[in-house]
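Notes to accompany the following structure.
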Amino acid sequence: MELFTILLLVGLVVCAVSASLAKNLLNTLLIYMAFSLMMSMIWLLLQAPDLAITEAAVGAGVDTVLFLLTLKTIHALKGTRFDKGHDEKH
Amino acid sequence: MTKNIKEQWRRFAAWVNGVENDEPVVTPEERRAARPRLPGIMNRVLSEKNELRLYHAFSVVMCLVFTGTLLLTVLFLPTFGGAGNPTENEVMQRYVEKGIEEVGATNLISNIILVYRGFDTFGESCVLFLAATCVMILLRKDEKNTTEYDLAERAEDAEIESEENTTVLRSVVRLLMPVIMLFGVYVLLNGHLSPGGGFSGGAILGAGLILFENAFGDKVRRFMSEHVYHFIKVAALYFYGFTMIYVFFTGANGLHSIIGTGIPGMIFSAGVIMPINVAVGLEVACTMYAFYAFFSKGEL
Amino acid sequence: MMLARAIIGSVLVCLGLVVFCISLIGVYRFRYVLNRMHASALCDTLGSFLVMLGLAVLFWSVWVTLKLACILAFLWLTGPVATHRTTKVEVLTDEYVMEECEVE
């Protein structure tokens, strides 16, 4: 169990660093989602199941949806239908 | 200096009044030339490219210093759950030993966050309410602020939506929706007996509503109109607020409730915790759904 | 009996993990979205099934098996639907989908 916790913590650090270094915003979003999932597992190991439920539902589920919708609204999803809005608008 | 401030104020007022393109057109080259350089001797020593490099190096160093400081602080933290920690004092002892007896919930965390520290959680609920209101102010779309571009995009969305066949999604959602909602209500109502409570249960309910909206858009919009949303949100917050006022007037520790503590472990026990959990859960669920609706469509 | 159960359960869980690894390789190796969806979706269902089966053998109790069956039912219901929706969106919105594959 100790080893599992250490693995999760290392994964957390890797996720945090790569989320800030990723060039594509969508990739950052997905890495952030993985970060939330790992965080919820760590909450469970720290005997805080309340927080684990909330983190899994909010951090991994709803937050990702909201961020995706934001990226869609500001036309920042590269290579999709919503990206072409830029040249039409300006 | 005064002229500069006046100029800035004029531009701010123009911006408030909705005047666009007030700034004179500046080409990127002009802007680069007008950019303030480093003062004194540094200006002559460094070329522009090296100056940029200096900024980059400086930001990396700052980042490293901050990370190092935080990690150094972590080294001096007491061990997790250790016996001699500063948090191990009479407050925690009281919560653990007398919590079930005084409040009546077997989940000690909900004892603490909803009764002993009820005001903090009330503040959190208010923050959520404020966030939902701000999102509404910023993202709401009606006739006045909908441009032709938005309309075209919405028409394109509707066209794509009409093309696709949602039979698969609908049948699966029909199967899963009761289970998800039941789980949410279970977490909500058992907040004083098992892990969970208002925030978690509300988040599950809200996520379920979002899924339901994706499959059966019209049916959700029929019962989740703006009136219903406002009513639930404000009623839940008022209920919570009045409970907190009552708690405040009966000694500010939440230990005297009309309902009574009941038998610990039963579903109807622990005084005001279950009603507050239901109120918080409803508010969180509504807020989640409203966030989704405003971000995706600009209306409920 | 005990030892045989432990061995069979561990082998099943490890097989599930191998399937997950294969799906991960597929997601990285393929270039086009639909191929990637195919790799991830196929191995997701099989991998979770193997892992759940292995855990059920390891614990060998009726209630744990029922709970695992519920989790598996949830995963098998939601996973393919999510894949189907994503694929549908890709087919409907990508103008150059014809160049990659045949669409009816």
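Chains as they are written, first to last, in my numbering: chain S, 4 to 93; chain B, 65 to 364; chain V, 5 to 108.
Even for Gly, the Cβ is constructed at its ideal location relative to N, Cα and C.
- Contact between G260/B and V251/B is confirmed by a C-beta separation of about 4 Å, below the 8 Å threshold.
- Burial of I45/S is indicated by the presence of at least 16 other C-beta atoms within 10 angstroms of its C-beta.
- In this structure, DSSP gives V167/B a state outside helix and strand, which the three-state scheme calls coil.
- Against chain B, the beta carbon of V16/S has no neighbour under 7 Å; the closest one sits roughly 10 Å away.
- Taking 9 Å as the threshold, the shortest C-beta distance from G132/B to chain S does not fall below it.
- In this structure L246/B is exposed. Its beta-carbon is surrounded by fewer than 16 other beta-carbon atoms within 10 angstroms.
- Non-local beta-carbon contacts of G266/B in its own chain, meaning distances under 6 Å to residues more than five positions away in sequence, involve G345, V348 and A349 in chain order.
- Counting along the chain, N341/B sits inside the alpha helix (DSSP H) bounded by residues I337 to S360.
- In the structure shown, Y36/V adopts coil according to DSSP, grouped into three states.
- Against chain S, the CB of V179/B has no partner CB under 9 Å away; the residue lies outside that interface.
- Inter-residue distance for A19/S and F332/B is about 43 Å (C-alpha atoms, whole angstroms).
- Within chain S, the residues V65, V68, L69 and L72 have their CB atoms less than 9 Å from the CB of Y356/B, given in chain order.
- Taking a contact to require three or more Cβ pairs closer than 8 Å, the region 78-95 of chain V and the region 32-45 of chain V qualify as touching.
- Proximity of the region 142-155 of chain B to the region 302-317 of chain B falls short of the contact definition, fewer than three beta-carbon pairs being nearer than 8 Å.
- Interface flag for L240/B against chain V is set, since a Cβ pair is found closer than 9 Å.
- Contacts with chain S (Cβ-Cβ distance below 8 Å) from the region 244-269 of chain B involve V251, P259, G260, G261, F263, S264, A267 and I268, listed in chain order.
- DSSP places N27/S in the coil class of the three-state scheme, outside both helix and strand.
- P52/S: member of the alpha helix (DSSP H) spanning P52 to T57, first to last residue.
- M5/V carries a coil assignment under DSSP once its states are collapsed to helix, strand and coil.
- Chain-order list of chain B residues neighbouring V55/V: empty, with the shortest C-beta distance near 21 Å, by a criterion of under 8 Å.
- Within chain B, the residues placing a beta-carbon under 7 Å from that of V61/S are A267, ordered along the chain.
- For A300/B, not one C-beta of chain S is nearer than 9 Å to its own C-beta.
- Less than 9 Å divides the Cβ of E277/B from the Cβ of V284/B.
- A300/B and D184/B have their C-alpha atoms some 16 Å from each other.
- Within the same chain, L79 come within 6 Å of S52/V by CB-CB distance, once the 5 residues on both sides are set aside.
- Secondary structure at N153/B: coil, using DSSP grouped into helix, strand and coil.
- Sequence-distant Cβ neighbours of P52/S in its own chain, meaning closer than 6 Å and more than five residues away, do not exist here.
- When the five nearest sequence neighbours on each side are left out, the beta carbons in the same chain lying within less than 7 Å of the beta carbon of L16/V are those of L54, L57, G58 and V61, in order along the chain.
- Burial is judged here by how many other beta carbons sit within 10 angstroms of a residue's own beta carbon; K297/B has at least 16 and is buried.
- Collapsing the DSSP output to three states places D206/B in coil.
- Look at V236/B: its C-beta is under 9 Å from a C-beta on chain V.
- Membership of F332/B in any alpha helix (DSSP H) is not indicated, and neither H nor E is assigned to it by DSSP.
- Distance from the CA atom of D282/B to the CA atom of M288/B, rounded to whole angstroms, is 10 Å.
- Listed along chain S, the residues sitting closer than 7 Å to F359/B by beta-carbon distance are L69, L72, T73 and T76.
- S258/B is the residue among W79/B, S258/B and M352/B whose C-alpha sits nearest the C-alpha of A169/B.
- Going by DSSP, F276/B is part of the alpha helix (DSSP H) stretching over G262 to A279.
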